[in-house]
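Numbering (our numbering), first residue to last: 55 to 147.
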């Protein structure tokens, strides 16, 4: 399992928008999937090289990066860290 952290904008802007669009449960489901296997996301190219994305629905995607640096937090061992960069919208800003 990977540790998941969120960019400030995801928590302050994207999550409330997902909640109002009735997509919060789908977002949580996709985060759980990514947490167990971050390689499932589509590898992005060009200016977004190094990032991955997973669709929440046809209109919205989760953009994230991850590393494979093992760490232990509160006695839980993680394979690495996933950083969620954006979770509402189709294009990465």
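Built from N, CA and C at the ideal position, the CB exists for glycine as well.
Practice item. Pick out the complete beta strand (DSSP E) segments inside the stretch 74-110, 3 residues or longer, and give them in chain order. Key: 106-109
Point to revise | Range of the contiguous beta strand (DSSP E) that encloses residue 117 | key: 115-121
Review point. Helix or strand or just coil, what does DSSP make of residue 71?
Key: helix
Review point. By Cβ distance, which residues of its chain are closer than 7 Å to residue 84, with the 5 residues on each side in sequence left out?
Key: 108, 110 and 116
Review point. Hey, residue 136 and residue 89: beta-carbon distance below 8 Å or not?
Key: yes
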